[in-house]
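Numbering (the numbering used here), first residue to last: -16 to 461. Note that beta-carbon positions come from the ideal geometry of N, C-alpha and C, so glycine has one too. Single-structure report; data block below.
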Amino acid sequence: MQRRLVLGVCAPLHGAVARLSTRPGDLTVVSPEPLPPDTGGSNVTHERSRPDDASAYPTRADFVLVATDDGGTNAAVATAAREAFPDAHLVVYVGLDADAAIRSRVDAVADRVIDAERALTDRLGDLTAGRLAVVMHDNPDPDAIASALGVARVAECIGLDADACYFGTISHQENRAMVNLLDLDLVELDDGSLDEYDGVALVDHSRPGVNDGLSADTSVDIVVDHHPPRAPVEARFVDLRHDIGATSTLVSDYLSRADIAPAESLATALLFGIRVDTDDFAREVSVADFEAAAWLVSRADLGLLERIESPSMTPEVVETLSRAIRDRDVRGDALASNVGAIRDRDALAQAADRLVCMDGIRIAVVYGFKDGTIYVSGRARGTDIDLGETLRDALDSIGSAGGHADMAGAQVPLGILGDTDEGSEAELAEVVSEVIAGRLFETLKDATTLLDPGDGSEWVFEFPFERWDRDPEPGRNR
-16 MQRRLVLGVC APLHGAVARL STRPGDLTVV SPEPLPPDTG GSNVTHERSR PDDASAYPTR
44 ADFVLVATDD GGTNAAVATA AREAFPDAHL VVYVGLDADA AIRSRVDAVA DRVIDAERAL
104 TDRLGDLTAG RLAVVMHDNP DPDAIASALG VARVAECIGL DADACYFGTI SHQENRAMVN
164 LLDLDLVELD DGSLDEYDGV ALVDHSRPGV NDGLSADTSV DIVVDHHPPR APVEARFVDL
224 RHDIGATSTL VSDYLSRADI APAESLATAL LFGIRVDTDD FAREVSVADF EAAAWLVSRA
284 DLGLLERIES PSMTPEVVET LSRAIRDRDV RGDALASNVG AIRDRDALAQ AADRLVCMDG
344 IRIAVVYGFK DGTIYVSGRA RGTDIDLGET LRDALDSIGS AGGHADMAGA QVPLGILGDT
404 DEGSEAELAE VVSEVIAGRL FETLKDATTL LDPGDGSEWV FEFPFERWDR DPEPGRNR
């Protein structure tokens, strides 16, 4: 019977620790933090102590995982673990802040090292014989655009042809300004165009066929995202960190660690992606977002960034905002507004941005329909309600929904409402309001706060292709 020991438990490895608890044998976890979700059972012992406290260690361990979130701590704990268990198979996570010296210390004692940057480049290296499609979500925003370009840049540096790709349109005036002023090279996909590629990476979303034009059974090689997943994510390399404000932050970290200098246009795009998704560092921002922005700011064109952030408002946006204000349905501190038929779906997000700032409003949801689909955009501020989870609970059964606690969206096929195309637009709008607003307000009655970045409620970082958690083979593989 194998005896396993985990020293420290950081969020990126929650899923790995939970899986270890399901394997035959005993598992001891030495950590002052609570056990990860789905970790437990009669074979699991939790010692609430610091991972460097050798007095809390069991007398024997065949497999040891060192997994705090600090690289320096992991190097010290790994050295202590090797001394305590010289014959154990030692796996060490280098953390997100490890420099060359820390990596060298870890390499000296570990049998296997978990390193995000190396894992990504290794996975990209497996595809060097072909061409990689880095796919954003439909109608991409600045964070998705910049992230795709950044992953493509990493791929190019190891000799892999890669394109930043998207389905849909880029219609938001800020997004168009970003693409045009920075002269960004993007590839618009359509049915069948993915056949030209040998590998697929998803950025700023995590499941094919959900908010992108891919088939749901598309084989995915790489996923890089900061949204909490609603369902299991299948890919060879997965980096999901919902405690970080923007996917551009993750990609900037890759570039920095790999010592890849981004071109001025890419640095500007990544900085803009971080600023937009964190609402200028006021929404769901983390230390990593500030650090990435500090690294990018000296490399970006700040004058051009100011021009991107101040585009003119289109007549379509003005009209949508006017309808959203006029036809708003307010119940308590929540607002829902049906703007009817739309030409520019990005206008919904801009209307929601403004309506949530109305006096007495903490949740604003604006929706309209176009080309057989109802599009929903929501914003929240100063509330305990998790808007992303609320929209999922309200609309996932008839469409797809997701997002963050304070910024979320959804899509619902009009066909789900029946033969709505036989009536007038006014009748259609009435039916849409009954379904969307009705489900939203009903769900809000019972909604509770689901977002708690401190308790590790989601696994957020996984390397399913790294079989380091298997029973160790005889000898060491250093």
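The Cβ atoms of Val339 and Tyr350 lie no closer than 7 Å to each other. The bridge partners DSSP lists for Gly361 are Val348, Ala391. The shortest C-alpha to C-alpha distance from Ala420 to any of Thr232, Arg33, Ile243, Ile346 is the one to Ile346. Closest in alpha carbon position to Leu172, among Ala129, Arg136, Val117, Val137, is Val117.
A buried status is given to Glu267, since no fewer than 16 other beta-carbon atoms sit within 10 Å of its beta-carbon. Taking C-beta atoms as the reference points, Gly113 and Asp53 fail to come closer than 7 Å.
DSSP links Ser320 through a beta bridge to Arg311, Val349. The straight-line gap separating the alpha-carbon atoms of Ile357 and Leu411 is approximately 11 Å. Bounds of the alpha helix (DSSP H) holding Ser416 are 408 to 429. For Arg328, the closest of Thr303, Asp35, His210 by C-alpha to C-alpha distance is Thr303.
Distance from the Cα of Glu16 is smallest, within the candidate group Arg2, Ser4, Gly8, Thr51, for Thr51.
Closest by C-alpha distance to Arg282, out of Ala1, Gly151, Ser239, is Ser239.
Pairing Val216 with Ala319, the inter-Cα distance amounts to about 31 Å.
When the five nearest sequence neighbours on each side are left out, the beta carbons in the same chain lying within less than 7 Å of the beta carbon of Thr22 are those of Val0, Ala1, Ser4, in order along the chain. The residue from Pro212, His209, Asp178 with its alpha-carbon nearest to that of Leu197 is Asp178. By alpha-carbon distance to Glu66, the top candidate from Tyr237, Val77, Ser87, Arg43 is Arg43. Between Thr230 and Ser130, the gap from beta carbon to beta carbon is short of 7 Å. Phe255 carries a helical assignment under DSSP once its states are collapsed to helix, strand and coil.
For Arg65, the enclosing alpha helix (DSSP H) has its first and last residue at 54 to 67. For Asp329, DSSP assigns no beta-bridge partner whatsoever.
Less than 7 Å divides the Cβ of Val170 from the Cβ of Asp146.
For the alpha helix (DSSP H) assignment, the uninterrupted runs of no fewer than 4 residues enclosed by the region 155 to 209 are, from N- to C-terminal side, 156 to 165. Leu73 is bridged by DSSP to Val47. When C-alpha distances from Met341 are compared across Ile325, Ile368, Val313, the shortest belongs to Val313. Distance from the CA atom of Ala334 to the CA atom of Ile308, rounded to whole angstroms, is 9 Å.
Around the beta carbon of Glu372, 16 or more other beta carbons lie within 10 angstroms, which makes this residue buried. Note that the C-beta distance between His120 and Asp195 is below 7 Å.
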